[in-house]
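This report refers to the structure that appears directly beneath it.
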Amino acid sequence: MGIVVGVFLDIPIVGDSNSQFSDTINRGEVAWLLLPILIVAIPSIMRLAYDLYQRTAKGYSPAKMRSALAHTAHVGILLLLVGHIFTTTLIDRTDPAHQVVLVQGQQVSHEGFQLTFDDWTVLSPDDEEFNERFSVGDGFLGAKIDIYDEQGIFLGSVNPGMLRFDGSNSFPRSEVDRYTSFSGDTVFIFDWSQTQALGNASGIMDIESGEVGLDRVRLTVYHLSGSHLVWAGWLIIVLSTLGIATTSFQRPSKPFSPN
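Shown next as structure tokens:
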């Protein structure tokens with residue numbers, strides 16, 4: 033079914049489904065090849081886990097509980113794989129379409145949002161906010177980005193930027209920020225070439241006033257549809273594994289024998 037839908041019908045899917053993996057196959061075709069298998073498997077494993085929990089409730093034993101928890105962990109693995117298809121397979125991180133230049137005070141439509149570059153954020157190790165956010169580094173230069181929906185309703189703000197290290201052999205580190213919505217996470221990343229340029233801020237920033245002599249910022253923005261499935265899958269796997277470990281230490285009850 034995946035081959036028919038993805039290759040012959042060429043039905044588009046979210047993300048960069050038309051981006052080529054090679055000369056003969058694109059990301060959407062790979063996703064359609066894998067998704068039907070996983071989506072069909074999830075209800076079957078969930079039903080099997082449910083039946084095992086019912087059997088455990090009727091007559092508890094550690095072995096029955098471990099079996100039910102193991103199948104629950106399998107559900108988490110399947111959800112994790114589906115989430116990774118949407119957040120990894122279907123996202124081309126080299127696509128320049130994900131890059132956007134924001135001029136201060138001007139609103140730009142990108143990835144389904146209206147983005148406005150509000151102001152620069154300059155922090156030093158003497159600032160309380162710097163110590164709350166970072167445990168390393170000698171300074172932070174970030175851009176405050178306001179996010180609105182297509183109707184102009186304010187949704188929130190993000191503050192991606194660059195963490196500076198003053199050592200002679202040190203390089204600046206790009207700091208990522210994200211906005212979470214019902215459809216998934218939208219990730220904001222400082223463009224790497226811009227991070228390197230801002231790493232030497234002597235010609236860009238007034239050290240005394242903290243003012244930055246730039247009126248625009250270049251970002252890479254990805255909307256990761258289905259990223260909640262990754263977190264849900266990981267949570268189910270971890271909780272199920274802890275449950276299995278707990279029941280493994282339980283000693284089976286000894287049958288009562290009258291003296």
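In my numbering, the protein residues as written are 33 to 291.
Every residue, glycine too, gets a C-beta built ideally from N, C-alpha and C.
Other residues of its chain near residue i: CB distance less than 6 angstroms, five sequence neighbours each side excluded
i, result
"F145", "I179"
"F220", "V190, P192, D209, L251 and V253"
"S259", "T119, G216 and D217"
Per-residue DSSP class, three states only, for residue i
i, result
"Y211", "strand"
"T279", "helix"
"I45", "coil"
"G258", "coil"
"F118", "helix"
"L112", "helix"
"S99", "helix"
"S202", "coil"
"L274", "helix"
"L251", "strand"
Own chain residues within Cβ distance below 7 angstroms of residue i, not counting five before or after
i, result
"S215", "S257"
"S156", "F162 and G171"
"I239", "Annotation note: pLDDT 48 at I239 (below 50); position unreliable, no value reported."
"F53", "R59 and V62"
Close beta carbons around residue i, own chain, < 8 angstroms, minus the five adjacent residues each side
i, result
"L66", "G34, L113, I117 and T121"
"R248", "V133, L134, V135, Q136 and F149"
"S280", "P94 and R98"
Whole-angstrom C-beta distance between residue j and residue i, which should lie under 8 angstroms
i, j, result
"Q131", "D223", "7 angstroms"
"D170", "R196", "5 angstroms"
"A264", "L101", "Not really, about 16 angstroms apart at Cβ, beyond 8 angstroms."
"L261", "G115", "3 angstroms"
"I276", "R98", "5 angstroms"
### Query
Taking the runs of the alpha helix (DSSP H) that are 4 residues or longer, which of them lie wholly in the region 124-199?
160-165
### Query
Are three or more beta carbon pairs between the region 268-280 and the region 91-107 nearer than 8 angstroms?
yes
#### Entry: Within the region 50-94, ranges of the alpha helix (DSSP H) (whole runs, at least 4 residues)
59-90
#### Entry: Contact the region 72-81 vs the region 136-143: 3+ CB pairs below 8 angstroms
no
### Query
Do three or more CB pairs link the region 149-159 to the region 170-188 at distances below 8 angstroms?
yes
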